[in-house]
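Residue numbers (full-length UniProt numbering): 1 to 294.
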């Protein structure tokens with residue numbers, strides 16, 4: 001069956017998905033994904049499949065935040081981060097055809113960079129925000145996108161992923177381990193204390209939890225750490241770019257555009273801002289998954 005270009009990657013990864021209701025396999029049937037029990041999930045015209053069921057605890061970023069993220073990332077300010085993430089993922093991903101799953105992957109920007117570095121792999125962006133999913137489905141020819149809550153059991157088959165990406169987002173470690181194939185990796189990107197610190201001081205109430213490294217290490221006790229890299233640089237941002245980076249992050253949830261603009265007006269026309277992140281690669285020590293493949 002022929003499919004439109006945004007859905008071609010979804011066709012390729014459909015057999016790696018599972019029904020979020022009964023955990024059975026899914027197959028594509030025209031504009032739906034179906035399981036043998038008859039549970040059906042619509043495929044949006046933009047090419048993503050919505051696998052969210054029941055009450056949604058997390059709706060993800062709204063259209064304003066997603067548009068700000070697209071503007072900022074599209075300007076290349078996080079190019080160094082994306083390049084380092086892609087290089088580390090490509091260096092450690094096991095040989096095979098397992099997919100790359102980006103949890104809370106937003107617009108698919110970082111996933112696209114990883115897929116460029118892993119030339120034969122398909123990717124899957126898992127995201128709750130509909131505005132972000134519309135963009136993620138078109139982020140890369142080999143990137144599919146599904147609507148799902150990363151705090152719930154993932155609609156991904158056991159052992160389907162060669163790599164899982166977690167860039168500044170939440171993740172359930174037990175589910176990460178379940179969907180990874182033996183030898184699969186998880187690549188975690190977290191902000192360091194100095195990350196965007198100048199902007200945090202500008203509006204107040206924004207900072208990095210100093211206990212994050214300890215919590216990260218504790219959550220990945222069942223994994224072997226393969227690599228650790230810090231990416232730091234100074235970037236010069238104009239007022240519009242500062243507005244975009246603040247509007248795409250947590251500050252957007254408690255500040256209006258007018259409040260942001262008033263705070264930003266105190267900055268010089270070009271402000272030096274710190275990019276400071278840590279990327280770590282972990283491999284599960286568990287060598288076997290459940291036999292069902294679900």
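The C-beta atom is built at its ideal place from N, Cα and C for all residues, glycine as well.
Cutoff 6 Å; reference residue i; Cβ partners in own chain excluding five residues on either side
i	result
residue 230	278
residue 111	102, 105, 123, 125, 143
residue 227	88, 281
residue 178	158
Simplified DSSP assignment, three categories, for residue i
i	result
residue 8	helix
residue 143	strand
residue 184	strand
residue 170	coil
residue 18	strand
residue 190	strand
residue 101	strand
residue 267	coil
residue 247	helix
residue 196	coil
The alpha helix (DSSP H) enclosing residue i, as first and last residue numbers
i	result
residue 152	No alpha helix (DSSP H) holds residue 152; DSSP gives it neither H nor E.
residue 117	109-117
residue 73	63-74
residue 133	130-136
Extent of the continuous beta strand (DSSP E) run through residue i
i	result
residue 29	27-29
residue 264	Element bounds for residue 264: not the beta strand (DSSP E) but the alpha helix (DSSP H), 257-264.
residue 225	223-238
residue 282	270-284
residue 41	40-42
residue 33	32-34
residue 80	Careful: residue 80 lies outside any beta strand (DSSP E), inside the alpha helix (DSSP H) at 79-92.
residue 124	123-127
Among the options, the one whose alpha carbon lies nearest that of residue i
i	options	result
residue 42	54, 29, 83	29
residue 185	220, 134, 14, 67	220
residue 119	65, 248, 247, 96	96
residue 202	245, 117, 130, 188	245
residue 132	188, 117, 109, 150	109
residue 12	160, 74, 196, 180	160
residue 151	194, 65, 134, 127	127
residue 164	129, 20, 100, 130	100
residue 130	259, 257, 247, 59	59
Distance between beta carbons of residue j and residue i, contact taken as under 8 Å
i	j	result
residue 242	residue 199	7 Å
residue 314	residue 25	Because the chain in this structure spans residues 1 to 294, residue 314 falls outside the shown range and cannot be described.
residue 92	residue 115	With a Cβ gap of about 15 Å, residue 92 and residue 115 do not count as contacting.
residue 66	residue 107	7 Å
Proximity test, Cβ basis, 8 Å: residue i and chain C
i	result
residue 231	Included in the structure is just one protein chain, with no chain C present.
Same chain only: Cβ atoms within 7 Å of residue i, ignoring 5 sequence neighbours per side
i	result
residue 153	175
residue 285	222, 223, 224
Same chain, Cβ closer than 8 Å to residue i, neighbours up to 5 away in sequence not counted
i	result
residue 22	35, 37, 39
residue 113	82, 83, 85, 86
residue 234	272, 273, 274, 275
residue 134	44, 46, 48
residue 181	94, 96, 98, 159, 160, 161, 162, 289
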